[in-house]
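Chemist:
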Amino acid sequence: MSAVSYSQLVWVTLPEIALVVAALAVLACDGTVLRGAAIARRRGVAALLACVGSVAAMLLVGSGPASFHLPDGMLVMDGRTRVVQVALLVLTILTVLLSEAMLTPAAEGVAGGKTAFTHHIGEYFALLLFATVAVLFLVSTQNFLLIFLALEFLSLVLYILTGFDKQSQLSTEAALKYFLFGGISAAFLLFGISLIYGLSGSIDLSQIAVAALQPDPLWMIAIVMVVVGFGFKVAAAPFHLWAPDAYQGAPTISAGFVSSSSKVASFFIFAQVLTLGVFGAAGSGMWHGAAPGWVPVLCVVAALSLLLGNLAALVQTSLRRLLAYSAIGHAGYLLLAIIAHTPQSTSALLYYVFTYALTVLGAFGVLAALEAQGIDRIADVAGLSRRAPFLSACMLVFLLSLAGIPPLAGFFGKFWLFGTALNAAPQLGLFWLVMLAILMSVVALVYYLRVLKQIFVADVPANAGAIHSGLVTRVTLGVMAAATVVLGCDPGLLIRWVVR
Amino acid sequence: MLAWTIYLSFAGAAAVLLTPKSKPQVTRVVALLAALAGFGLAIAGTIAYEPGSIVTVAQVPWIPQLGIQYHLAADGISLVLLLLTGIAATAGILFSWNIENRVREFFAFYLALIGGVYGVFLSFDLFLLFVFYEVAIIPKYFLIAIWGSAPNGDTSKRTYAAMKLALYSFAGSALVLAGILAAWVVSGAKTFDMQVLAKYPFPVHFQMWAFPLVFVGFAVLAGLWPFHTWAPTGHAAAPTAASMLLAGVVMKLGAYGCLRVAMMLFPAGLGAWGFHVLGFGSWRDVFALLALVGIVYGASVALVQQDFKFVIGYSSVSHMGFVLLGLMTLSQIGLDGAVLQMFSHGVIAGLLFAVVGRMVYDRTHTRDLKILSTMHLGRTLPFVAVVFTLAAMASIGMPGFSGFIAEFQVIVGVWHTMPWMVFVVGFGILVGIGFTWRALTRAFFSDGKRATAAGPPEHGPLAAVTWPERCGSLLLLAATVTVGLYPQILMNLILPSLNSPLFAALRNGGWR
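First to last, the protein sequences are chains A and B.
Using my numbering, read the first sequence as starting at 1 and increasing by one per residue.
Using my numbering, read the second sequence as starting at 1001 and increasing by one per residue.
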C-alpha cells in the first residue's frame, strides 16, 4: 500500500475544503457582523456566501485533476464522478436561491401566512453547505468505510435540517422519525458491510468485486443487509415509512434538498456498490430465468415501490405527502436502471436522477413560495393559475415532467430508462417489470393531473387575491422550468456528460 | 415546408398568450391566422406532392446515442390527414368565436393540440411520433375540463369526462410505448426510423404479440369497441371546438397509428395463429369483429339517446368502426376506403358537432331532443337546419358526399374478404339512417305536438347565425361535397402510397 501525502490529499479535496470554508464564513459573518441586522439582510449575505462557495467548489471540481485513485478506493475521481459532483453543486446553489421564499419575513396580514420559519439563518445555510460536503465525499469514494462515514455525516445534517422549524410539532416529529429509521438503516448497512468485510477481507469495492465472484450463501445475507440499508436512504418500499412524514413536516426547502441532492448521491453510490462491488453476485430477474442474487431482490423492491408509491399517492390530500409518495414511485423507476446494470443503464440512471432532482426541487420551490400564503393541501391551490400565473406555469412544467409527458425532461428520462432496462436482459427478460413501470406511470398521471386540475380548472375562491413571490425565487424557478423544457427537447445536452 | 404546419401552430399558441387580455378579438384573429397558415401549407404541400413518393421534410440526428432522428416526412396518407387537420382546425376556431372565458388560454391549448396532431401525421420516427402523440393529450384534458359544457352549472361531468379521456389516451399510449421499446430492442437497439424498421424482419412470434399491443394502444383513441367509452362522454362534455377536434382529428390519430405503426411494422401479426379459439384464427378476425360490433353497437345506442350530443358521440363510434373494419380487410380497396373514411368522418363529424354544440346548444341551452322538438328550430334557424340536413345526408352515406365513396369502398373490401360481415354492416348502416333521421326530425322538423304538457320552455328570441359560423359550415360542407363528387383528388394521394415500398410487407402478407 503506497502512502498518500497530505499535500496530495489537500489537492484532491479542494472543492470540499472550499465549501467548508464558505460554511465557516457564513457562520462567522452571521454571528458577528450581522448580529443585529434584519433577516432579509442576513439571508442575502449568507446566500451570497453560500453561492460563492459552491461556485468556487464547482470551478475547483472542473479544474482539478481529471482522474485519480487513492489507495483502497478511498477517493476515486473519474469523468462521471466529476459530472455528478457538479450536478450536486448546482442543486445546492438552486436550493440556496430558493430559500429566499422560505426566509422572507413578508406575507403580513395573510390568513394562515407564515413568517420566516427560523432566525438561525447562518446555521441553516452552513448546514446546507455541510450536507453538500457530505454528498461530494459520498459520490467520490469506492471504499465502504468512507461510504458509511459520508452517509452518516449526510444523514446527521439532514436530521437537523428536517427538524429546523423549532416551532412546528410536525417538523420535530419528522426529524425524530427520520432519525430513528435512519439509525436502524445505518445498523443494517453496517452489519452488511461487516459481513462483506469478513467474506472478502477488504473494504475496497474493486477488491470486494474479486471476492464476490465466488458464490457463498453468506454473501446473499450481506447483500440483502446492504440493500435494506440503502433502501431506507433512497426511500424505496418497504423501507419508505419515514419519507411521507419527513417530507410533510420538514421545512419545505429541507424536504426539497432531501428529495433532490441526497437522492442523487444515494442512488449513485447505491449503483456503484452493487455494480462495482458485488457485480458477480448479480443473479437475474428475468421472468422465465430468475437466478438468485441481488437483482431479483431489487426487482421485488422496485415492483413494491412502483405499486405502493403510485397507488398511495392517489389518495393524498397534502401536496407534500403526494410528492413524498411520488418520490417512492420514482425510486422504483430508478431501481430499474440498477437492476439492468449495464454501462448504458448507469448513464440512463444519471440522466433520470438529475432531471428528477431538478424538477422535484422546482416543485418544492413552488410550494415554498406558496407556503408563505399558508397553502399546503391540494384543495388550497384551487384557481392558482389566476392568482399566480407564473408559479402555476412553472408547476405545470415540473409536474408534467414528473409524470413523464413529452417534450419535458422527465419523459426522455423514463424513455431511456425503460429502453435500457428492456435492452439489458436477453429476450426481453425484464419486460414484466418495464410493463409494470409503464402502467404505473399511467396511474401517476392521475394524481399529478388532480393537482393541475385544482390549479388550472377550479374556480378562484372568494376573497383570494394575487400571490406575490420574490424576484430571486421567480427567476430561479423560471430558469429551472426552462431547463426542464430544454433538456426534454434536446436531451443530447445532458447525455454527452453522463455517457462515459 | 410542411414542417411549418407544426412550428406555426406552436408559435401561434405562444403568440395568442402574448396578445392583450382586453382584446379577445385580436386573440381570435391571431389564432385563426395560425390555423389558416397551417391549412394553406397543407394544401401547398399536397399540390407539390408527387403521388407515390415520400417527401422528406426534415431528417437530422436528434439523440444519436439511441438512434433517434428528427425525421419528418409525408406520403399520400399523411397528406390526406394533414389536409383534414387544416380544415378541422380552421373550422374549429371559427366555431369557437363566441368563447369569452379565458380566451387566450383556450386558443393556446387549442393550437398546442393542433401542433401535436400535425406532428404525429408528419413523423417518420417512432420516438418522434410518440412524443407528438403524447403532446396532444394534456391540451385535450384542459380544453374539456375548463371550457367544457356544464349543463345547469354542474362541472363534475366535464372534469370526469376530461380525466377519463386523458387516462384512456395515456393508457393506450402506454401500450404503444411498450411495443415501441420492444421493437427497438428486438431490432438491435439501433434506430427508431420507421422507413428502416418497416423493412426489418421482426420474428413472427414477436410480431404476434407486438401487433395486438400496439394496435389496441392506438385503437383506444380510434374508438375501438369496447375501449370506446371515453368517446361519447368526452365528445359530449367538450366545448364545441374540442368536440370537433376530438371526433375530427384526434380519433384519426389512433386510426393513423394503427395503420402506420401497428400494421406497417408488424404485418405478420395479422397472419393466422395456426389454431382457432372460438372461431377466431388470427388477430385480424378478432379486430374485424370488434370493429363490426362497434359499427352496430354505436348506431344502436345512438338510436335511443335523448341527448342530442350523445347521438353524435355514439355515431362517431359507429363511423370509426368503418375505418377499423376497412383496415382489417387487408385489401387495397378496403384500406383506401378506410383512409377516405378518416377524412370524411373528420369533416362530417366536425360539422355535426358544430351544429349541435355551437349553433343549437349555445342558443337554446339544451341538448335534450324532447325539449328541442318543441322549439321549431327548422323555422327559427333555417340556416342551421339546412346545414344539419346536409350533414346528416353526408353522414348516412348519400352519394355525392364523401361518406358514400368511403363507406362504399370499405364494404366492397369486406365483401371480397369477409362476405358474411357485409350483411351486418348493412344492418348497421340502416340503423345509422334510423338514428340520423330521428335526430334530424326531432331537433329541427318536429311539429311539436308531442310537447310536454307545460308547453315549450321560456326562451327569448334565438341569436342570429353569425358570419364565422357560416364560413365554418361552408368550409366543411365544401370539403365533404368536393371529395364526394370528385374522390380522385384524395384517392390519387392514397392509392399510390398504399403501393409504396413502405407497405410491401403488409401487401406480401396476404393482400387481397
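Ideal Cβ placement from N, Cα and C applies to all residues, glycine included.
Using only alpha-carbon positions, find the residue among Leu314/A, Ala265/A, Ile495/A that is nearest to Leu88/A.
Modeler: Of the candidates Leu314/A, Ala265/A, Ile495/A, the one whose C-alpha sits nearest the C-alpha of Leu88/A is Ala265/A.
Chemist: Would you mind stating whether Gly1038/B and Ser1009/B have Cβ atoms separated by less than 7 Å?
Modeler: Yes, they are a contact pair.
Chemist: From this set, Glu1050/B, Met1244/B, Ser1156/B, which residue's C-alpha is nearest Thr1090/B's C-alpha?
Modeler: Thr1090/B has its Cα closest to that of Met1244/B, out of Glu1050/B, Met1244/B, Ser1156/B.
Chemist: Does Ala1174/B get closer than 7 Å to chain A when you measure Cβ to Cβ?
Modeler: Yes - at least one Cβ of chain A is within 7 Å of the one on Ala1174/B.
Chemist: What are the boundary residues of the alpha helix (DSSP H) that Thr252/A is part of?
Modeler: Here the alpha helix (DSSP H) through Thr252/A covers 252 to 259.
Chemist: Any beta-carbon of chain B closer than 7 Å to the one on Val94/A?
Modeler: Checking the sequence, you will find Leu at residue 94/A rather than Val. Not one chain B Cβ lies under 7 Å of Leu94/A.
Chemist: So that I know if they touch, is there some Cβ in chain B lying closer than 7 Å to that of Gly429/A?
Modeler: False, the Cβ-Cβ gap to chain B never drops below 7 Å.
Chemist: I'd like the list of long-range same chain contacts for Ala1145/B, defined as Cβ closer than 8 Å, with 5 residues on each side in sequence excluded.
Modeler: Hits under 8 Å: Arg1158, Thr1159, Ala1162, Met1163.
Chemist: Among the residues of its own chain, which have a CB less than 7 Å from the CB of Phe412/A, if the five just before and after it don't count?
Modeler: Excluding sequence neighbours, Phe412/A sits near Gly488, Pro491.
Chemist: Looking at chain A, is there any beta carbon in it that lies within less than 7 Å of the beta carbon of Ala1183/B?
Modeler: No, Ala1183/B does not count as interfacial toward chain A.
Chemist: So, are the CB atoms of Tyr1133/B and Ile1006/B less than 7 Å apart?
Modeler: Contact flag unset, no.
Chemist: In this structure, how does DSSP classify Ala1074/B when only helix, strand and coil are distinguished?
Modeler: Of the three classes helix, strand and coil, the one that applies to Ala1074/B here is strand, per DSSP.
Chemist: Please report how far the alpha carbon of Leu1493/B lies from the alpha carbon of Pro1419/B, in whole angstroms.
Modeler: Between Leu1493/B and Pro1419/B, the C-alpha separation is close to 28 Å.
Chemist: Between Leu1126/B and Leu24/A, what straight-line distance do the alpha-carbon atoms span, to the nearest angstrom?
Modeler: Going by the C-alpha atoms only, they are around 53 Å apart.
Chemist: Please list the partners that Asn423/A has in chain B, where partner means a Cβ-to-Cβ separation under 9 Å.
Modeler: Result: Leu1181, Trp1184, Val1185, Ala1189.
Chemist: Within 10 Å of its beta-carbon, does Ile438/A have 16 or more other beta-carbons around it, so buried, or fewer, so exposed?
Modeler: Result: buried.
Chemist: Helix, strand or coil for Ala302/A? Go by DSSP, reduced to three states.
Modeler: Correct three-state label for Ala302/A: helix.
Chemist: So who's on the other strand from Val76/A, going by DSSP bridges?
Modeler: Answer is His69/A, bridged to Val76/A.
Chemist: Report, in whole angstroms, the separation of the C-beta atoms of Val1296/B and Val1410/B, which I expect to be a contact under 8 Å.
Modeler: Contact doesn't hold; Cβ gap of about 14 Å is too wide.
Chemist: Within its chain, find whatever has a CB closer than 8 Å to the CB of Phe1308/B; leave out the 5 residues flanking it on each side and keep chain order.
Modeler: The residues are Val1356, Val1360, Tyr1361, Arg1367, Asp1368, Leu1369, Leu1372, Ala1439, Ala1443.
Chemist: At 8 Å on the CB atoms, spell out the chain C contacts of Ile495/A, in chain order.
Modeler: No chain C is present in this structure, whose protein chains are A and B.
Chemist: For the beta strand (DSSP E) that contains Phe1275/B, what are its first and last residues?
Modeler: Taken as a continuous stretch (DSSP letters only), the beta strand (DSSP E) holding Phe1275/B covers 1272 to 1277.
Chemist: Taking the straight line between their C-alpha atoms, what separation do you get for Ala1238/B and Leu1352/B?
Modeler: So the two alpha carbons sit approximately 14 Å from each other.
Chemist: Just grab the DSSP bridge partners of Arg377/A for me.
Modeler: Arg377/A pairs with Ser318/A.
Chemist: Which of the three DSSP states is assigned to Ile1494/B in this structure?
Modeler: Correct three-state label for Ile1494/B: helix.
Chemist: Is the beta carbon of Gly332/A closer than 7 Å to that of Ala290/A?
Modeler: Against a cut-off of 7 Å, the Cβ pair of Gly332/A and Ala290/A comes out as no contact.
Chemist: As a quick exercise: from Pro1267/B, Ser1316/B, Ile1489/B, Gln1025/B, pick the residue whose alpha carbon is nearest that of Leu1246/B.
Modeler: Checking every option, the nearest Cα to that of Leu1246/B belongs to Ser1316/B.
Chemist: Give a yes or no on whether 7 Å exceeds the smallest Cβ distance from Glu1134/B to chain A.
Modeler: Yes - at least one Cβ of chain A is within 7 Å of the one on Glu1134/B.
Chemist: Can you list the residues of chain A that Tyr1141/B reaches, using a CB-CB cut of under 7 Å?
Modeler: Here the neighbours are Leu449.
Chemist: Suppose the cutoff is 7 Å on Cβ atoms and the five residues either side in sequence are ignored; what does the same chain contact list for Phe267/A look like?
Modeler: Within the same chain, Phe267/A has close Cβ partners Val234, Leu334, Leu349, Val353.
Chemist: With DSSP run on the structure shown, which of helix, strand or coil describes Asp490/A?
Modeler: Residue state, collapsed to three classes: coil.
Chemist: Counting Cβ pairs, one atom from each stretch, are 3 or more of them under 8 Å apart for the stretch 1263 to 1274 of chain B and the stretch 1105 to 1113 of chain B?
Modeler: Output reads no: the stretch 1105 to 1113 of chain B does not touch the stretch 1263 to 1274 of chain B.
Chemist: Find the nearest neighbour of Gln272/A within the set Ala209/A, Ala393/A, Gly478/A, judged by alpha-carbon distance.
Modeler: Looking at the Cα atoms, Ala209/A is the closest of the given residues.
Chemist: CB-CB under 6 Å to Leu97/A, same chain, minus the five flanking residues each way: which ones, in chain order?
Modeler: Same-chain partners within the cutoff: Val472, Thr476.
Chemist: Quick one: any contact between the stretch 76 to 94 of chain A and the stretch 241 to 249 of chain A, if contact means 3 or more CB pairs under 8 Å?
Modeler: Touching, no, given that fewer than three Cβ pairs across the two stretches are closer than 8 Å.
Chemist: May I ask you to report which of helix, strand or coil DSSP gives Ala977/B?
Modeler: Residue numbering for chain B in the displayed model covers 1001 to 1512; residue 977/B lies beyond these limits and cannot be assessed.
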